[in-house]
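In terms of full-length UniProt numbering, the sequence shown opens at residue 333 and continues consecutively.
C-beta: ideal position from N, C-alpha, C; glycine also.
Worksheet: one structure, shown below.
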Amino acid sequence: FDAHFGPYYGNGWKQRGVIIVLHDITDIKRLENMRSDFVANVSHELKTPITSVKGFSETLLSGEVTDEETRRSFLQIIYDESERIDRLIRDLLHLSRIENKVSPLNIQDVDLVRLIHTITNTMTKAISEKNLEVTLPPSTESVIIEGDPDRLNQILLNLIANAITYTGEGGSIRVSIEITSSNVRVSVSDTGIGIPEEYIPRVFERFYRVDKARSRNSGGTGLGLAIVKHLVESHKGKIELDSVEGEGTTFTVIFPILQ
Ligand code: ADP
């Protein structure tokens, strides 16, 4: 709130009015809050693995642990936690590059069916360990869209990896493609743990996780869906989420067909 009084120049010129300038600071305040929440979240996410790296290396350095097996298990924890820090920083840099639109899209013709098969092939170990039944569009077909191959890969990789992570032993995952007159819809469905209704609107937020412990154990940073949403939007697409707790989840990415 600023109040500027009209100038009074002496020589008979009288003050005639008051100008009141109101600045709407709600947007600025909201941005500031978002920024400080973000910094608090990042600090917290980094603090957990760093505390662990510090603690275990201090114990090793003290020379108190003489048993070789215990030493190795401590070193493994230090290694895993450093990997976690590395992953977190990579995801953060990635998110900031997308948000600041640093690198332009490298638009090419991309075959979605081939992409889905390539991604799933890299996940066969996790799929067979959990004994999941996976249904994909037939590899004899092709669905070509215009997009950035690396980014489309990242979108589908995140969605398929989440479907695997959040589905229990013996469950099913289905990736399907539907083409309408105006768009291409790619759905990733699973018969996993689902997302409680009240959390559905929040899962695209940075660092938001329904079950922090579960996500952390599976190596998640809580940034995957935030990155996916940005990447989909950079392709002028939309992402929808349908989920029933205890039954399963479907993420659908909708890409417009460019005329
Ligand atoms: P994370 O690294 O924790 O997986 P994401 O941003 O990819 O982070 O997902 C955010 C949260 O959304 C997850 O922690 C999980 O709670 C929920 N989620 C994502 N995908 C699924 C899914 N297919 N089924 C159930 N919950 C999911």
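| Asked | Found |
| --- | --- |
| First and last residue of the uninterrupted beta strand (DSSP E) at GLY580 | 580-588 |
| At least 3 beta-carbon pairs within less than 8 angstroms: the region 424-444 vs the region 553-564 | yes |
| For residue 608, the nearest candidate out of ILE586, VAL397, ILE421, ASP418 (CA to CA) | Nothing can be reported for residue 608, as the shown portion of the chain is limited to 333 through 591. |
| Any non-hydrogen atom of the ligand ADP closer than 7 angstroms to ASN549 Cβ | no |
| N-terminal and C-terminal residue of the alpha helix (DSSP H) that LEU437 is part of | First-last for LEU437: undefined, no H or E at that position. |
| With 16 other Cβ atoms within 10 Å as the buried cut-off, status of ARG541 | buried |
| Cβ neighbours of ILE589 in the same chain (closer than 7 angstroms, five flanking residues each side left out) | SER514, ASN515, VAL516 |
| Best match in ARG348, LEU420, GLY395 for proximity to SER375 [C-alpha to C-alpha] | LEU420 |
| Simplified DSSP state of THR391, which is helix, strand or coil | helix |
| beta-carbon ILE571 near the ligand ADP non-hydrogen atom, thresh 7 angstroms | no |
| Between the CA atoms of SER575 and PRO528 - distance to the nearest angstrom | 8 angstroms |
| Three-way DSSP call (helix, strand, coil) for LYS570 in this model | strand |
| Residue range of the unbroken alpha helix (DSSP H) whose run includes ASP399 | Counting along the chain, ASP399 falls outside any alpha helix (DSSP H), and DSSP gives it neither H nor E. |
| Spatial distance of ASP397 from LEU484 (CA atoms) | Reading off the sequence shown, one finds Val at residue 397, where the question assumed Asp. So the two alpha carbons sit approximately 48 angstroms from each other. |
| Bridge-paired residues (DSSP) for GLU510 | ARG517 |
| Distance CB(SER508)-CB(PRO469) smaller than 8 angstroms | yes |
| The region 485-501 in contact with the region 430-437 per 3-pair CB rule at 8 angstroms | no |
| Closer than 7 angstroms: ASP574 CB and nearest the ligand ADP heavy atom | no |
| Given ASP482 as reference, the closest of ILE351, LEU392, LYS386, LEU563 once Cα atoms are compared | LEU563 |
| Residues near ILE459 by beta carbon distance below 7 angstroms, same chain, minus five either side | VAL466, ILE496 |
| Backbone CA spacing between ASN438 and SER474 [nearest angstrom] | 20 angstroms |
| Boundaries (first-last residue) of the alpha helix (DSSP H) holding VAL445 | 444-453 |
| Spatial neighbours of GLY526 in its chain, beta-carbon cut-off 7 angstroms, leaving aside the 5 residues before and after | SER575, VAL576, GLU577, GLY578, GLU579, GLY580, THR581 |
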